[in-house]
Amino acid sequence: MSINKLFIALFFPLCLFAQDDLLKEIDAKKNDGEVSAAFKSIKIVNFESTKLVGKRDLYFIVSHRFDYIKHGFDDFFGMDDAVTQIKFAYGLSDRITVQAARSGFQKTYDVGVKYLFINQKTDGFPVTIAGFGSVAINSEMKKVNFPSLQFADRLSFVTQLLISRKVSDRLSLELMPTFFHENTVSDILDENNVAIVPNPQDKSQFVIGVGGRYKLGKRWSLNMDYGAHLNRASQSIYKNPLSIGVDIETGGHVFQLHFTNARAMHESGFLGQTTGDWSKSEISFGFNLVRVF
């Protein structure tokens, strides 16, 4: 069985079940019967979770991805090279979160919005459903390299449906059907990534994301997410993003420490441009640091 089919088989049944201390809500149930947020942070690892920022709360998020560990001590297991993202997320209401970020990967700016449609109920609706959309701008592309470059060529768009279920006090699962569109994509001409030629054709792509959290202790959990690309070109060297790590809560902070084959942190980047191969130790150590105000 392929890894795509394995992960989908494990998580597909989910869809059939159709701030003093930042994380006190994690294991509590609301008085109206709504189950509280199934995840500690607004991201599982790379993928968005169904957790939203509280009304008028502001999250400051620093994310870091080092280079691949495969070079060992030559670059101290990737520590000599890193990509950083700075993000702000604000709760317009308890049901709407807006966010804006800048990351070093392709000098990308992105903005996004997450909307809560319905919460899981203790004796009613079996899942939490939210929607997420984002627009990213690749500011690294320059006219000196691409004379016919237009502003629209820099853009990529992502739309996701986020469906989670808190199965038990310890286990939460999430399914993330995803559509994304890049106005400019790159064709890799050789398997060693020697030559890259811009492809002027638009490309729409589809991904099934799956993820989960398993609580290991009062303040920490094991997290995982994976994206199975459904229509990638057969000759592409890009890989499906797989990330595994832990969440650690310390008062008003959440530390997310993980290993991933995706160095990009904006949605269209890690969904469509992940080159790391876990079987070749092309794995990056990374972290997300979340602070709430």
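Every number in this note's numbering is 50 more than the matching position in the sequence shown, counting from 1.
In this text, a Cβ means the ideal position worked out from N, Cα and C, and glycines have one as well.
Problem - Per DSSP, cross-strand counterpart(s) of L292 - result: In the sequence shown, the residue the question calls residue 292 occupies position 242. L292 is bridged to Y276.
Problem - Between the CA atoms of S206 and Q19 - distance to the nearest angstrom - result: Here the chain comprises residues numbered 51 to 343, so residue 19 is not present and cannot be evaluated.
Exercise for the section: Determine the extent of the alpha helix (DSSP H) in which G322 is found, giving its start and end residues. Expected result: Residue 322 sits at position 272 when you count from the first residue of the sequence shown. Looking at the DSSP string, the run of the alpha helix (DSSP H) that includes G322 is 317-322.
Exercise for the section: Kindly indicate the opening and closing residues of the beta strand (DSSP E) around V163. Expected result: The sequence position of residue 163 within the sequence shown is 113, counting from 1. Where V163 is concerned, the enclosing beta strand (DSSP E) stretches over 158-168.
Practice task
Could you tell me which residues DSSP pairs with V111 in its beta bridges?
Solution key: Within the sequence shown, residue 111 is the residue found at index 61, counting from 1. The question names Val, but residue 111 in the sequence shown is Ile. Note: I111 sits in a beta bridge opposite K137, V340.
Exercise for the section: Can you give me the Cβ contacts of K265 inside the same chain, cut-off strictly under 6 Å, excluding the 5 residues immediately before and after it? Expected result: Along the sequence shown, read from residue 1 onward, the residue named residue 265 stands at position 215. Taking C-beta separations shorter than 6 Å and ignoring five residues to either side along the sequence, the partners of K265 in its chain run R220, S271, following chain order.
Problem - Simplified DSSP state of S345, which is helix, strand or coil - result: Outside the displayed span of the chain (51 to 343) sits residue 345, for which this structure offers no information.
Practice task
Can you give me the Cβ contacts of Q170 inside the same chain, cut-off strictly under 8 Å, excluding the 5 residues immediately before and after it?
Solution key: Indexing the sequence shown from 1 puts residue 170 at position 120. Once the five neighbours on either side are set aside, the close Cβ partners of Q170 are E84, V85, A88, P176, V177, T178, S214, R215, K216.
Problem - Neighbourhood of V133 by C-beta distance below 6 Å, restricted to the same chain and skipping five residues each side - result: Sequence index remark: in the sequence shown, residue 133 carries index 83 (1-based). Cβ neighbours of V133 beyond the five flanking positions: R115, G154, F155, R313.
Handout entry: Beta-carbon proximity list for M315, same chain, < 6 Å, skipping 5 on both sides
Key = For the purposes of this step, residue 315 is identified with residue 265 of the sequence shown, where counting begins at 1. For M315, same chain residues with a beta-carbon under 6 Å away, outside a window of 5 residues either side, are S113, Q135, S153 in chain order.
Practice task
Closer than 8 Å by C-beta to G181: which residues in its own chain qualify, once you throw out the five before and the five after it? Chain order, please.
Solution key: Your numbering for residue 181 matches position 131 in the sequence shown. Scanning its chain for C-beta atoms nearer than 8 Å, with the 5 sequence neighbours on each side dropped, one finds around G181 the residues K164, Y165, F167, T209, Q210, L211, L212, in chain order.
Practice task
Return the residue from the list Y109, Q306, R263 that minimises the CA-CA distance to N337.
Solution key: For this step, residue 337 is matched to residue 287 along the sequence shown. This sequence places Phe at residue 337; Asn is not what is there. It is Q306 whose Cα lies nearest to the Cα of F337.
Problem - Given N290 as reference, the closest of I187, G262, I298, I333 once Cα atoms are compared - result: Counting from 1 along the sequence shown, the entry for residue 290 is found at position 240. Shortest Cα-Cα distance from N290 to any of I187, G262, I298, I333 involves I333.
Handout entry: Reduced DSSP secondary structure (H/G/I, E/B, other) of F201
Key = Within the sequence shown, residue 201 is the residue found at index 151, counting from 1. DSSP places F201 in helix when its eight states are reduced to three.
Practice task
Output yes or no for whether 8 Å exceeds the beta carbon distance between R263 and I94.
Solution key: Taking the sequence shown and counting its residues from 1, the one referred to as residue 263 is at position 213. Taking the sequence shown and counting its residues from 1, the one referred to as residue 94 is at position 44. A contact, by the Cβ cut-off of 8 Å.
Exercise for the section: Using DSSP bridges, identify the partner residues of K101. Expected result: Along the sequence shown, read from residue 1 onward, the residue named residue 101 stands at position 51. Looking at the DSSP assignment, K101 forms no beta bridge with any residue, so it has no partner.
Handout entry: Element boundaries [beta strand (DSSP E), containing G154]
Key = Counting from 1 along the sequence shown, the entry for residue 154 is found at position 104. Counting along the chain, G154 falls outside any beta strand (DSSP E), and DSSP gives it neither H nor E.
Exercise for the section: Within 10 angstroms of the Cβ of G261, are there 16 or more other Cβ atoms? Answer buried if so, exposed if not. Expected result: Start at 1 with the first residue of the sequence shown, and residue 261 comes out as number 211. Answer is buried; the Cβ neighbour count reaches 16.
Problem - Counted within 10 angstroms of its Cβ, other Cβ atoms place T324 as buried (16 or more) or exposed - result: On the sequence shown, position 274 is the one that residue 324 refers to. Note on T324: 16 or more other CB atoms within 10 angstroms of its CB, so buried under the neighbour-count rule.
Exercise for the section: List the endpoints of the continuous beta strand (DSSP E) containing H121. Expected result: By one-based count along the sequence shown, residue 121 stands at place 71. Careful: H121 lies outside any beta strand (DSSP E) and carries neither H nor E.
Exercise for the section: Return the residue from the list V257, T300, F309, A283 that minimises the CA-CA distance to F292. Expected result: For the purposes of this step, residue 292 is identified with residue 242 of the sequence shown, where counting begins at 1. Checking the sequence shown, residue 292 turns out to be Leu, not Phe. Cα-wise, what sits closest to L292 is F309.
Exercise for the section: Measure the alpha-carbon distance for I298 versus F196 and round it to whole angstroms. Expected result: Locating residue 298 in the sequence shown gives position 248, where the first residue counts as 1. Locating residue 196 in the sequence shown gives position 146, where the first residue counts as 1. Distance between the alpha carbons of I298 and F196: 44 Å.
Exercise for the section: Give me the Cβ distance between F117 and D125, rounded to the nearest whole Å; I'm assuming they're in contact under 8 Å. Expected result: By one-based count along the sequence shown, residue 117 stands at place 67. By one-based count along the sequence shown, residue 125 stands at place 75. According to the sequence shown, residue 117 is Asp rather than Phe. With a Cβ gap of about 6 Å, D117 and D125 count as contacting.
Handout entry: Integer Cβ distance of Y159 from V148, believed to fall under 8 Å
Key = Looking up residue 159 in the sequence shown gives position 109. Looking up residue 148 in the sequence shown gives position 98. About 14 Å; that fails the 8 Å criterion.
Practice task
Could you say which of G259, T100, K330 lies nearest to F320 if we only look at CA atoms?
Solution key: As a first step, residue 320 is located in the sequence shown; it is residue number 270 there, counting from the start. When each option's Cα is compared against that of F320, the closest is G259.
Practice task
Could you work out which residue in L225, A151, R282 is closest to T100 when comparing CA atoms only?
Solution key: Position 50 of the sequence shown, counted from the start, is the residue given in the question as residue 100. The shortest C-alpha to C-alpha distance from T100 to any of L225, A151, R282 is the one to L225.
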